[in-house]
Each structure stands twice: as C-alpha cells, then as structure tokens.
Amino acid sequence: MPLDLVTIPCLKDNYAFLIHDPATGATAVIDVPESAPIVAALESRGWQLSDILITHHHDDHIAGVAALRDATGAKVWGAQADAHRLPRLDTALREGGTVTIGSETGTVIDVSGHTMGHIAFHFPDSALVFTADSLMAAGCGRLFEGTPETMWASLSKLAALPPETLVCSGHEYTTSNIRFALSLEPGNPALISRASKAAAAREDVRPTVPSTLSEELATNPFLRAALPDLKAAVGMPGSSDVDAFAEIRKRKDRF
Numbered sequence: 119m120p121l122d123l124v125t126i127p128c129l130k131d132n133y134a135f136l137i138h139d140p141a142t143g144a145t146a147v148i149d150v151p152e153s154a155p156i157v158a159a160l161e162s163r164g165w166q167l168s169d170i171l172i173t174h175h176h177d178d179h180i181a182g183v184a185a186l187r188d189a190t191g192a193k194v195w196g197a198q199a200d201a202h203r204l205p206r207l208d209t210a211l212r213e214g215g216t217v218t219i220g221s222e223t224g225t226v227i228d229v230s231g232h233t234m235g236h237i238a239f240h241f242p243d244s245a246l247v248f249t250a251d252s253l254m255a256a257g258c259g260r261l262f263e264g265t266p267e268t269m270w271a272s273l274s275k276l277a278a279l280p281p282e283t284l285v286c287s288g289h290e291y292t293t294s295n296i297r298f299a300l301s302l303e304p305g306n307p308a309l310i311s312r313a314s315k316a317a318a319a320r321e322d323v324r325p326t327v328p329s330t331l332s333e334e335l336a337t338n339p340f341l342r343a344a345l346p347d348l349k350a351a352v353g354m355p356g357s358s359d360v361d362a363f364a365e366i367r368k369r370k371d372r373f
C-alpha cells in the first residue's frame, strides 16, 4: 500500500510534506519551515508524527524543527555532511542510506548544489521523491554553495528516476520558473500547456507542487540542458552539457 501524501503550504511560498503509512500509522514530515501548519494537518487527520526528515540547512526548511520535535517526540533525520548546521539529529545520513517509514523504505540521494550536503529522499514503492531546493517545479535551486558541475550531477541522478515519480519540491515558484522556461522554448507545447495549468492552479490558490518527473523532463530547462535545441537557444551549440546548464542557470539568475 503506497504512502499517503499531504502537501502543506508554509510561510510565504514554502511547502512541507507529510507521508503516512496507513498500515502502521507511521507518519513523517519532510522539512519544517514552521511548525503550526504541520501540527494542524496532523491533528485534523488524527496522525501522530514519528519522524522528521530534513533536506538541507536553510532556515526556511528547518525553523520549526525544534518546536515540532518538542510537541511530538518525533525522531530527526538529516545529512551527516550538514549536521553541524542542522538541528540536533537522531540519525545522520549519507548517500545510499535508508529511512524506513512504517512498511516502506526510502533511499537518500546526495543532491548537493543549492547547498553542499543537501539530500533528497526517494520512496520508490510510492513513487515519491522529496527534492526541496535541488530539482524544483520547472526549475532548480540557485547555486549558493555548489558548482554547476555539482548541481548538474545531482539533477542527473534525479532525472534517472522512473518518470512516473512525483517530485515534491520545496517552493511555489512554478509560474515564474515557467515564464523563464518559455523564454528559451516558446514553442514547446508541453511547456505551453503547463503554463496554462499552473496559472489556473494559482488563480484557485492551489499548489502546483508536486509534479511528475515526466513533466519535468518535458518542460524543465535545467533537466533539458543536454538537448541540442536548448544548447542552440542559449547560443552554445556543441557545448558540453554542464556548460549549457551553467549558462541556463546564469540566465535564470538574471531573469
């Protein structure tokens, strides 16, 4: 039985996610921008939080961890490489490590780039990956700490997951990301369709997250940097994939 998934808006434009195993009652949250909306979501469903999974150290992903731990007694999991700037961890994780929530086990993926030590959590049986600020809806995170080579390697790992995987990313940046993507691929029919759907969702105050990996592969310029058409669009035909990615990231930073 797949894990139940709940998307929780937090702060101005962040998301936290609950995953719940109906068979055992185990429940985890991925990132805690603030505690109150998460507590409310748990109480409304009668769920008891067992685990807190942290993707990276930025305050808008961890600010509520201490309060939520105190309120629930949940165990905290995060990257060993990031432990010096995370809330106190009960379990420190490395790439290839595992996290078990009820009857399902997830795998840890190092997705450094936005920050070094950023991790993602992949739950293959439920077709879920929690990417926070690495792979985002129609975008990727700014390279605050990593290099283009680092981030391209991280995105390539995520791109290789099964296409039906739901990408649960950390922010509501989708419409602005799509506007940038359209500046590079104005004739991409999948992107045009996604723009319309995202605009309608936001008009109704509905999240545009999660998205499917197949949708990202069809519309996200940061995953498409290896394609000849994208390289041509940024004036770099014949360039390496990582150089094309770096140029696309620089253009998005200025967009």
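In our numbering, each residue carries its 1-based index in the sequence shown increased by 118.
No residue lacks a Cβ here, since even glycine has one placed at the ideal position from N, Cα and C.
Bear in mind that the values here come from a model prediction, so they are computed numbers and not experimental data.
CB residue i to CB residue j, shorter than 7 Å?
i       : j       : result
Pro-155 : Ala-184 : no
Val-285 : Ser-252 : no
Ile-170 : Ala-192 : yes
Gly-220 : Asp-139 : yes
Ser-230 : Gly-264 : yes
Look at the alpha carbon of residue i and the alpha carbon of residue j, and state the distance between them as a whole number of angstroms.
i       : j       : result
Arg-372 : Ala-362 : 16 Å
Pro-325 : His-232 : 22 Å
Ala-299 : Arg-312 : 11 Å
Gly-353 : Asp-208 : 48 Å
Pro-304 : Asp-347 : 12 Å
Thr-293 : Cys-258 : 13 Å
Gln-198 : His-175 : 11 Å
Asp-177 : Leu-345 : 35 Å
Looking at the secondary structure, which residues open and close the beta strand (DSSP E) in which residue i lies?
i       : result
Asp-361 : From DSSP, Asp-361 is part of no beta strand (DSSP E) but of the alpha helix (DSSP H) over 359-372.
Lys-193 : 193-197
Go to residue i, then tell me how far its alpha helix (DSSP H) extends in each direction, as first and last residue.
i       : result
Thr-292 : 292-302
Phe-172 : What sits at residue 172 in the sequence shown is Ile, not Phe. No alpha helix (DSSP H) contains Ile-172, which DSSP labels as neither H nor E.
Pro-266 : 266-277
Ser-332 : 331-337
Asp-188 : 183-190
Pro-307 : 307-321
Pro-346 : 346-351
Val-150 : Val-150 -> no alpha helix (DSSP H), and no H or E assigned at all.
His-179 : 177-180
Just tell me which of the options has its CA closest to the CA of residue i.
i       : options                               : result
Ala-343 : Gly-215, Pro-266, Asp-322 and Ala-317 : Pro-266
Ala-308 : Ala-256, Ser-272 and Ser-357          : Ala-256
State the CB to CB distance for the pair residue i and residue j, rounded to an integer number of angstroms; the pair is presumed to be in contact (CB under 8 Å).
i       : j       : result
Asn-132 : His-236 : Rounded, the Cβ-Cβ distance is 15 Å, inconsistent with contact.
Asn-295 : Met-254 : 7 Å
Leu-167 : Ser-244 : Actually they do not touch by this definition, with Cβ atoms about 18 Å apart.
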